[in-house]
Amino acid sequence: MALIFNYLKLFPRWSGEFLIILSFLATLPVIYNALKAIKNRQITVDLLAGIALIISLIYKEWISVIFINLMITSARIFSDYTTSKSRKAIERLMKLKPQKVRVSRNGKIEEITLEQVEKDDLVIMELGERAPVDGIVEKGEAILDKSSLTGESMLVFKRKGDKVLSSTIVVSGNLEIRADKVGKETTFEKNN
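Counting from 2, one number per residue, gives the positions in the sequence shown under my numbering.
Structure representation (structure tokens):
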């Protein structure tokens with residue numbers, strides 16, 4: 002804003018025309034989006050800002066028009082930035098999902114894809130592995146880190162009969178867990 006005022010001080014003869022042209026150009030995208038909102042029968046920020054801009058244009062309040070447009074532009078930049086950060090965080094979380102899982106079926110250990118895990122499969126988890134499903138510990142003892150799921154840095158001890166949530170990591174020990182929730186039903190999937 003200070004840059005605009007400094008520019009106007011340098012060229013006082015063109016300041017009025019400059020403000021008028023800048024005001025109209027900056028208002029066009031907002032008015033366009035406001036008209037789309039009216040067509041879709043929605044109340045949006047652009048609709049409200051469009052009303053304020055039209056009133057400011059009618060009363061020839063050029064500085065107000067520029068200020069409103071500056072605020073709308075700032076809000077869009079902030080929204081794009083936060084959306085981008087959220088998208089990247091979700092992508093990082095999705096990389097946490099294990100792709101291969103070891104299960105015990107009919108006394109044999111098989112390595113299968115995460116999509117092939119079924120409810121009641123006996124999933125084997127060893128040191129450093131991430132739980133691919135929600136389930137109940139059938140065998141073994143382990144200390145789990147659930148910070149990737151809950152944000153809590155506290156470690157938890159699990160043994161036979163305890164519930165294990167997907168995405169928790171084995172920090173110490175080994176577990177065999179009976180799959181209770183798989184795929185889209187897991188805690189990890191529901192939280193993302």
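Glycine included, every Cβ here is placed at the ideal spot set by N, Cα and C.
Model, not experiment: these values are computed from the prediction.
* Exposed or buried, R131, counting other C-beta atoms within 10 Å across all chains shown (16 or more means buried)? -> Buried, because 16 or more other Cβ atoms sit within 10 Å of the Cβ of R131.
>> Could you tell me the alpha carbon to alpha carbon distance between S75 and I170, rounded to whole angstroms?
In response: Taking the Cα positions, S75 is about 41 Å away from I170.
Item to complete: Check whether the Cβ atoms of S105 and I137 sit closer than 9 Å, and answer yes or no.
Response: Cβ atoms of S105 and I137: not closer than 9 Å.
Would you mind working out which of G141, R42, K140 and V172 sits nearest S149, comparing C-alpha positions? Looking at the Cα atoms, V172 is the closest of the given residues.
For a test of the three-state rule: what should DSSP assign to M155, helix, strand or coil? Coil, per DSSP.
Once you ignore the five residues that flank M2 on each side, which residues in its own chain have a CB closer than 8 Å to its CB? At M2, the pLDDT of 49 sits below 50, so the modelled position is not reliable and the matter cannot be decided from this model.
Quick one, which of T45, F19 and R179 has its alpha-carbon nearest V194's? Outside the shown range of the chain, which is 2 to 193, sits residue 194, and nothing can be said about it.
- prompt: Skipping 5 residues on each side, what residues in its chain have a beta carbon closer than 6 Å to that of K140?
  reply: Take K140, set aside five residues on each side of it, and the residues of its chain with a beta-carbon closer than 6 Å to its own are E177, in chain order.
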